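Protein chains in written order, with the numbering used here: chain A, 1 to 316; chain B, 1001 to 1316. Every residue gets a Cβ at the ideal spot worked out from N, C-alpha and C, and that includes glycine. Because the structure is a prediction, the values reported are computed rather than measured. Worksheet for the structure shown next.
Number of protein chains: 2
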Amino acid sequence: MGRRNLEATDIVRYEEDGPRVVLLDQRRLPDEEVELECRSVAEVVVAIRELAIRGAPAIGVAAAYALALAAACGDDLDEAAELLAASRPTAVNLAWALEQMRDDPTPGHARALHEEEVERCHAMAAHAAELFGPGTRALTHCNAGGLATGGYGSALGALRTAWERGALERVWVDETRPLLQGARLTAWELEAAGIPHAVIADSAAGSLMAAGDVDCVVTGADRIAANGDTANKIGTYSLSVLAAHHRIPLYVVAIDLRTPTGAEIPIEERAAEELTTRFAAWNPAFDVTPADLIAAIVTEHGVHRAPYVQSLAALV
Amino acid sequence: MGRRNLEATDIVRYEEDGPRVVLLDQRRLPDEEVELECRSVAEVVVAIRELAIRGAPAIGVAAAYALALAAACGDDLDEAAELLAASRPTAVNLAWALEQMRDDPTPGHARALHEEEVERCHAMAAHAAELFGPGTRALTHCNAGGLATGGYGSALGALRTAWERGALERVWVDETRPLLQGARLTAWELEAAGIPHAVIADSAAGSLMAAGDVDCVVTGADRIAANGDTANKIGTYSLSVLAAHHRIPLYVVAIDLRTPTGAEIPIEERAAEELTTRFAAWNPAFDVTPADLIAAIVTEHGVHRAPYVQSLAALV
Chain A
1 MGRRNLEATD IVRYEEDGPR VVLLDQRRLP DEEVELECRS VAEVVVAIRE LAIRGAPAIG
61 VAAAYALALA AACGDDLDEA AELLAASRPT AVNLAWALEQ MRDDPTPGHA RALHEEEVER
121 CHAMAAHAAE LFGPGTRALT HCNAGGLATG GYGSALGALR TAWERGALER VWVDETRPLL
181 QGARLTAWEL EAAGIPHAVI ADSAAGSLMA AGDVDCVVTG ADRIAANGDT ANKIGTYSLS
241 VLAAHHRIPL YVVAIDLRTP TGAEIPIEER AAEELTTRFA AWNPAFDVTP ADLIAAIVTE
301 HGVHRAPYVQ SLAALV
Chain B
1001 MGRRNLEATD IVRYEEDGPR VVLLDQRRLP DEEVELECRS VAEVVVAIRE LAIRGAPAIG
1061 VAAAYALALA AACGDDLDEA AELLAASRPT AVNLAWALEQ MRDDPTPGHA RALHEEEVER
1121 CHAMAAHAAE LFGPGTRALT HCNAGGLATG GYGSALGALR TAWERGALER VWVDETRPLL
1181 QGARLTAWEL EAAGIPHAVI ADSAAGSLMA AGDVDCVVTG ADRIAANGDT ANKIGTYSLS
1241 VLAAHHRIPL YVVAIDLRTP TGAEIPIEER AAEELTTRFA AWNPAFDVTP ADLIAAIVTE
1301 HGVHRAPYVQ SLAALV
């Protein structure tokens, strides 16, 4: 697989021959590029739960392919959809993708959804890149790249487009504990794209902002409520408070809008062992950033500003 | 070595028989309790630089013993002091301890300085514990425990005293990337003291505060300027902004006062490899928290409030 030409089908695809869902095992990156072959819905569920594939849109695409796999295997589609929907409680894209697939659970339909997802990223990126002035030094958290969306990326797509337009100077990459999606996946994608970057400890972001070295914060989202409240990787909320304190804009590049407010978004708590195997720990996977700390939400339809209830309403 | 009875001499001590400086190798904790024997100043310098012993007061104590070792070995004391002072640029305790030792570079004098340091911790802890109401849920960062001070601890000493007085409910422990002093050392000390605790990713602190689960933030300090600006482990500044946003007090338990303002405190940048061996990284060891984000600074003389230039002036 060519690092410089990571295609949507490298990240996740369906093979009729088998049949099977094939995905790039993101747990092994950046050290190894290994594909994982799932020949049953149960295997896809494990791959999603154990983060071989992660990122709300990419999970949705994988679930769509998994439902096509279920149909090809003659599985009960209700059962399959239920198993898949429960694999990550915060990623509502799962339920949405499964709903879309029910009337036509074919590989061709899943591929069409996958292509739409990548097109949506390109559209979001083109809108978001307008927000970048020349020489922008952006900070990002977790991985909202092609790996997270099934191709091109949302926040990282925006950075990519800004880079191509000459508006981006460098990217600060939060390493993103506990699973290091920033240090492992985002840095890997930025390196492949030739974009200057440096990894930092999550707790160093405040210092960088205070030093005047951050012009904007750009993240994706796992969920966006209709009022603009946004659930994303744990630590995004802390960044939003730090950015507001330093008068640095936080841009969220994503779409969802299936919940009225952030309070209704369930937050997955993952095993303490991801943090420490020795002591007690609390390990939420996500947090909710209130809409008033977000400077703009960028969807494929454009750049939306507060009040989000109004500016996002047309999209629901 | 009994885990429940960690004595000052378990953390660092001088043995005439050798002669040598013996210290508990903090890099191996919590998995192994191993002592490191330093038979030359150069070996102590390496131990400090590579964090076998860390925490500004503990480093000062180790440096004092190292100067006694230099004298016993017939080394040039100026050279020895210069080597030791350069081992960690932010920890001014080094220079201070060395200065104290110059007129009387004996093991007895070093032991007296060590005992004073531990007594200072007990005094600070007694004052700081007054700040804790019943049922306090405190959040701490890095390790300001007995391991960092050569016995009892500053911030962790305060938590210990509050616990003994029945005022502490639990401690949230920032894991403290990249070297995990919280997850490895603070959790280990809290477990030994029987204080309920849970480790969190540094980036989860904001979420916990937003949920109303944190009553105060308590940290030590590597340096405190005369105006109250405080240098401490990278991430403390981010915590101070988050705490201010959530109207939660940040208490700093320590003393120094040898610099006019935080701008004059040199910040050590450590090797990128501590964060990632694969990509570019920026890895400052400390940050500076401005005095206006600190609710109180606690020294052995009492609880000091803003304006610190005045409230701390009597101590200089």
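Spatial distance of residue i from residue j (CA atoms)
| i | j | result |
| --- | --- | --- |
| residue 205(A) | residue 1143(B) | 20 angstroms |
| residue 165(A) | residue 309(A) | 31 angstroms |
| residue 1311(B) | residue 1305(B) | 6 angstroms |
| residue 264(A) | residue 78(A) | 25 angstroms |
| residue 1100(B) | residue 1289(B) | 28 angstroms |
| residue 267(A) | residue 94(A) | 15 angstroms |
| residue 1041(B) | residue 1021(B) | 9 angstroms |
| residue 171(A) | residue 1238(B) | 19 angstroms |
| residue 262(A) | residue 136(A) | 30 angstroms |
| residue 327(A) | residue 1152(B) | Outside the shown range of chain A, which is 1 to 316, sits residue 327(A), and nothing can be said about it. |
| residue 1225(B) | residue 1015(B) | 35 angstroms |
| residue 364(A) | residue 208(A) | Outside the shown range of chain A (1 to 316) lies residue 364(A), about which nothing can therefore be said. |
| residue 1291(B) | residue 1260(B) | 12 angstroms |
| residue 118(A) | residue 1223(B) | 50 angstroms |
| residue 1212(B) | residue 10(A) | 43 angstroms |
| residue 242(A) | residue 182(A) | 19 angstroms |
| residue 30(A) | residue 190(A) | 12 angstroms |
Local conformation of residue i per DSSP, three classes
| i | result |
| --- | --- |
| residue 1002(B) | With a pLDDT of only 40 at residue 1002(B), under 50, the local geometry of the prediction cannot be trusted, and the value read off the model is given with reservation. Of the three classes helix, strand and coil, the one that applies to residue 1002(B) here is coil, per DSSP. |
| residue 25(A) | coil |
| residue 292(A) | helix |
| residue 306(A) | coil |
| residue 210(A) | helix |
| residue 229(A) | coil |
| residue 152(A) | coil |
| residue 1219(B) | strand |
| residue 198(A) | strand |
| residue 1098(B) | helix |
| residue 287(A) | strand |
| residue 1175(B) | coil |
| residue 52(A) | coil |
| residue 1038(B) | strand |
| residue 273(A) | helix |
| residue 248(A) | coil |
| residue 1255(B) | coil |
| residue 1011(B) | helix |
Sequence-distant residues of the same chain with beta carbon closer than 7 angstroms to residue i, five excluded per side
| i | result |
| --- | --- |
| residue 1002(B) | For residue 1002(B), the predicted model reports a pLDDT of 40, less than 50, meaning its position is unreliable; a value from the coordinates is still stated below. The answer is none, since no qualifying residue turns up. |
| residue 1186(B) | 1140, 1143, 1145, 1156 and 1173 |
| residue 126(A) | 161 |
| residue 129(A) | 158, 161, 162, 165 and 167 |
| residue 1026(B) | 1051, 1052, 1053, 1054, 1147 and 1185 |
| residue 302(A) | 127 |
| residue 1236(B) | 1141, 1219, 1287 and 1289 |
| residue 75(A) | 41 |
| residue 72(A) | 19 |
Chain-order list of residues whose beta-carbon lies under 6 angstroms from that of residue i (same chain, five-residue window excluded)
| i | result |
| --- | --- |
| residue 120(A) | 300 |
| residue 1028(B) | 1034 |
CB-CB length for residue i against residue j, believed under 8 angstroms
| i | j | result |
| --- | --- | --- |
| residue 293(A) | residue 240(A) | 4 angstroms |
| residue 272(A) | residue 283(A) | 5 angstroms |
| residue 1070(B) | residue 1080(B) | 4 angstroms |
| residue 258(A) | residue 92(A) | 6 angstroms |
| residue 1275(B) | residue 210(A) | About 19 angstroms; that fails the 8 angstroms criterion. |
| residue 68(A) | residue 110(A) | 5 angstroms |
| residue 1012(B) | residue 1150(B) | 6 angstroms |
| residue 23(A) | residue 8(A) | Residue 23(A) to residue 8(A), Cβ: 12 angstroms. No contact. |
| residue 66(A) | residue 44(A) | 4 angstroms |
| residue 203(A) | residue 1248(B) | With a Cβ gap of about 17 angstroms, residue 203(A) and residue 1248(B) do not count as contacting. |
8 angstroms CB neighbourhood of residue i in its chain, flanking five on each side removed
| i | result |
| --- | --- |
| residue 244(A) | 250 and 293 |
| residue 269(A) | 282, 283, 284 and 285 |
| residue 1018(B) | 1037 and 1039 |
| residue 1133(B) | 1167 and 1215 |
| residue 1096(B) | 1060 and 1258 |
| residue 124(A) | 154, 157, 158, 253, 254, 255, 298, 299 and 300 |
Chain-ordered neighbours of residue i on chain E, where CB pairs are closer than 9 angstroms
| i | result |
| --- | --- |
| residue 1276(B) | Checking the listed chains, one finds no chain E in this structure; the protein chains it contains are A and B. |
Give a yes or no on contact between the segment 214-221 of chain A and the segment 83-91 of chain A, applying the rule of three or more CB pairs nearer than 8 angstroms. The answer is no - the segment 83-91 of chain A does not touch the segment 214-221 of chain A, with fewer than three Cβ pairs under 8 angstroms.
Does the pairing of the segment 1221-1233 of chain B with the segment 1244-1255 of chain B give three or more beta-carbon distances under 8 angstroms? The segment 1221-1233 of chain B is in contact with the segment 1244-1255 of chain B.
Taking 8 angstroms as the threshold, find out whether the segment 94-112 of chain A comes into contact with the segment 278-296 of chain A through three or more Cβ pairs. With a cut-off of 8 angstroms, the segment 278-296 of chain A and the segment 94-112 of chain A do not count as touching, because too few Cβ pairs lie within range.
Evaluate the contact criterion for the segment 1113-1131 of chain B versus the segment 1192-1202 of chain B: three or more CB pairs, one atom per stretch, below 8 angstroms. Fewer than three Cβ pairs drawn from the segment 1113-1131 of chain B and the segment 1192-1202 of chain B lie within less than 8 angstroms of each other, which leaves the two stretches out of contact.
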